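By numbering that gives the first Met the number 0, the letter at position 377 of the sequence shown is numbered 376, and the numbering carries on one by one without gaps. This report concerns only the one structure given below.
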Amino acid sequence: MAGPWVRLACQRHMDMLADDTGRFHFDVDAAQRLIDFFPDMLKVEEAGEEVPFYLLDWQVFCAGSINGWRDSVTGYRLFTEVYIEGAKGCGKSPFAAGIGLYMMLADDEPKAEVYSGASKKDQAMILFQDAVAMKQSSPTLNKRVIEIGKNPVWMLKHRKSGSFFRPLSGDKKKSGIRPHCGLIDELHEHKDRYTVDMFGHTKGRRQPLLFIITNSGSDRTSVCYEWHKNGRAVLQGDAIGDHQFFYIMALDPEDDPLEDESCWPKTNPGLNVTITEKYLRTQVLAARQIPGRENVVRRLNFCQWTDADIGWMTRDAWVSIEEDFGEFVKPSDGLFGGGFMAPDFAEAFAGADVSLGLDLAYVTDMAALAFCFPEGDQRLCWIEYFMPIGHTLEDLRRRESKDDKPYIQWIREGLIHAMPGPVIRKEFIGRRITEVQQQFNVRRVAFDRYAHKALEAEMVERGVFAPWVEHPQGFRRGGTLRYPDGMPIKDENGEDFKNPLWMPSSVFGLEGRVLEDKIRVQPSAVTRDQVANVVLREDPAGTGNRMFDKSKALSRIDGIVSLAMAVGAEDAIWPATDLSAFLNNPVIVR
């Protein structure tokens, strides 16, 4: 079973066999030589054992085409550029790693330079580490190839020919290289053409090879979509690309992988070999229950180019994890004095461990403080909201009309803590955090940088310290955790410990707990309203990471942001060391 572009790739192969112009020919022996290199020289892990690397059918077709088609004048490879687009887990990376080893060892190219490239160093290392593992499991390659560097190995070298294989990344600009083979991983994550162009500098090489593998993406202005679009044109006969080989896995337009499993093999040709049906069913279930995951599943697992902005979660999925722990305190004086959990519930949890998530938002917006209590593998949570309501009831009514929200009703039901005046007053939130610290064992308070300094200063002025830890809101990761004296905190291996909190991880963790029924959240009409407003934005780099996008949200989502932060802070893995000095000093993440 194959999708439309793979069918056209096969038809192109048949048309080339029938071509009688004499420009090119198919060398069966050369094709077989590359195909045989994999099981003869390489091993891969399967069910915990190292077994010969026998290629899957799709890999056989690609390998045979790449090495078999020859220029009839020079005798060299016809295809010097290869673009393979396929689903996550279909076997692209180990296949590319094996291609790299062949090009270093067996392509009859003196001093061959082979590079694995990606947008970031870590990604470039993934493909390269596959090659290192294959080398280490092969007695023959262990004799011929030496490793340079340890933990990690950063180069493989074939001393007899002077050839080498090493990773490079587009985040560190390089020059002066002469690639015989450039392997590019996850082209959809590349922000520009730099790595593609760098690997195209092949002057002096007889039969260089640019070998690109990627998932599908979402950015139709990217270099990856350029290749995807050009590949379709070449396969359809609308563009000339005699030196280019394209293998684009895709579904047919009428296929819906969330409803019909029979189409899955079109983008997962290694189904039940390199990836299981059980895994795909889990992904499809997640996409159905959490719409915010749908685009990622369609793109990574079923090769469907998607849009970047995504709604988040169905009402039914959210309501299924609600549980009534108690009541919110209603205002005792008109609109003021309510919005917190009732004392009897607080007493039931007195002294319990808790992680907090604080989203202060803008001066006139709503702020939110989320609580996350661990109870075995469950998490018990609630969210408290703070909102400035102006100076008069008429001010609040105008705000209700503008936002189309029943703020007065929510405040009187105790769901929002109303603050007099037109702006968020940090002292109200500071006092609430102080009360919470007296009631519970607050292990950490995850915060965003925005407006945090003013709150911290207000609390310090009153002699109150909180276990702060920064939680970045975007795709940016935090830096090294440091003690107040500036010294980095170390992990058990003596390495600098990086802040484990960042929004894509916390979003994924919150979603996972909803899917696995391992979280309970106090019902609130405010929270339900915000769940319906959430819009997710996918990382434009195509990593599959997602974050809440306040700029695209239909209305306020501060409570959901704070909840993700609290769950992330509670579930994160922290260093096994005394963090009291670190947590009580907010200027610690560099």
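Positions of the beta carbon are idealized from the N, C-alpha and C atoms, including for glycine. Just so we're clear, the structure is a prediction, and the values are computed from it rather than from any experiment.
Burial state of His242 (16 or more Cβ within 10 Å) = exposed
Burial state of His390, where buried means 16 or more other Cβ atoms lie within 10 Å | exposed
Whose CA, out of Asp352, Ile274, Leu284 and Leu379, lies closest to the CA of Ile607?
-> Outside the shown range of the chain (0 to 589) lies residue 607, about which nothing can therefore be said.
To which residues does DSSP link Pro51 through a beta bridge?
-> Bridge partners of Pro51: Lys42.
Distance, Cα to Cα, Tyr114 vs Leu182?
-> 6 Å
Where do the ends of the alpha helix (DSSP H) carrying Met103 lie?
-> Lys91 to Leu104
So Gly203 is in the alpha helix (DSSP H); what residue range does that whole segment cover?
-> No alpha helix (DSSP H) contains Gly203, which DSSP labels as neither H nor E.
Is the CB-CB distance between Val144 and Lys159 below 7 Å?
-> no
Within its chain, find whatever has a CB closer than 6 Å to the CB of Gly337; leave out the 5 residues flanking it on each side and keep chain order.
-> Val328, Lys329, Pro330 and Gly413
Pro421 to Ile388 span [Cα, whole Å] = In this structure, the CA atom of Pro421 is about 6 Å from the CA atom of Ile388.
Pick helix, strand or coil for Ile572, following the three-state DSSP scheme.
-> Looking at Ile572 - three-state DSSP - the assignment turns out to be coil, as it is neither helix nor strand.
Where Val440 falls, given that 16 or more other Cβ within 10 Å makes a residue buried | The sequence given here has Asn at residue 440, not Val. That one is exposed.
Per the contact definition of three or more C-beta pairs closer than 8 Å, is the stretch 556 to 573 in contact with the stretch 500 to 520?
-> yes
Would the stretch 542 to 553 and the stretch 513 to 520 be scored as touching if the rule is three or more Cβ pairs under 8 Å?
-> no
Rounded straight-line distance, which links the Cα of Val468 to that of Leu562 = Going from the Cα of Leu562 to the Cα of Val468 covers about 15 Å.
Status (buried if at least 16 other CB within 10 Å, exposed otherwise) for Arg512 | buried
Might you give, ordered along the chain, the residues of its own chain that have their beta carbon closer than 8 Å to the beta carbon of Arg411, omitting 5 neighbours on each side?
-> These residues qualify, in order along the chain: Lys329, Pro330, Leu334 and Gly337.
Which residues mark the beginning and the end of the beta strand (DSSP E) in which Cys180 is found?
-> Cys180 to Asp184
Is the stretch 13 to 26 touching the stretch 60 to 75 in the sense that three or more CB pairs, one from each, lie closer than 8 Å?
-> Yes, since at least three Cβ pairs between the stretch 60 to 75 and the stretch 13 to 26 fall closer than 8 Å, the two stretches touch.
For Ile572, which residues from the same chain have a beta carbon less than 8 Å from its beta carbon, with the 5 sequence-adjacent residues on both sides left out?
-> Pro499
Would you check if there are 3 or more beta carbon pairs closer than 8 Å linking the stretch 29 to 41 to the stretch 82 to 89?
-> no
Taking the alpha-carbon positions, what's the Arg593 to Asn294 distance?
-> The structure shown does not extend to residue 593, since the chain spans only 0 to 589, so no value can be given for it.
Below 8 Å, can you find three or more Cβ-Cβ pairs linking the stretch 453 to 463 to the stretch 364 to 378?
-> The answer is no - the stretch 364 to 378 does not touch the stretch 453 to 463, with fewer than three Cβ pairs under 8 Å.
Residues that DSSP places opposite Val520 in a beta bridge | Glu321 and Cys380
Within its chain, find whatever has a CB closer than 7 Å to the CB of His187; leave out the 5 residues flanking it on each side and keep chain order.
-> Thr213, Asn214, Ser215, Gly216, Ser221, Cys223 and Gly541
With a Cβ-Cβ cutoff of 7 Å, do Ser137 and Glu49 count as a contact?
-> No.
Grab me the residues of Phe60's own chain with a C-beta within less than 7 Å of its C-beta, minus the 5 sequence neighbours each way, in chain order.
-> Same-chain partners within the cutoff: there are none.
Residue range of the alpha helix (DSSP H) that includes Phe127 = Lys120 to Gln135
Out of Pro574, Pro252, Ala524 and Pro178, which has the shortest C-alpha to C-alpha gap to Lys404?
-> Cα-wise, what sits closest to Lys404 is Ala524.
In chain order, what residues of the same chain have a beta carbon less than 7 Å from the beta carbon of Arg589, not counting five sequence neighbours either side?
-> Caution applies to Arg589, whose pLDDT of 36 falls short of 50 and renders its modelled position unreliable; the value that the coordinates give is listed next. Result list for Arg589: Gly478, Thr479 and Arg481, in chain order.
Starting from Asp358, follow its DSSP beta bridges and name the residues at the other end.
-> DSSP lists Ala367 as partners of Asp358.
Reference Asn300; option with closest CA among His200, Asn267, Leu234 and Ala46 | Asn267
Where does Met486 land, buried or exposed, given buried means 16+ other C-beta within 10 angstroms?
-> exposed
Across which residues does DSSP place Glu146 in a beta bridge pair?
-> DSSP lists Leu155 as partners of Glu146.
Residue range of the beta strand (DSSP E) that Trp467 falls in?
-> Trp467 to Glu469
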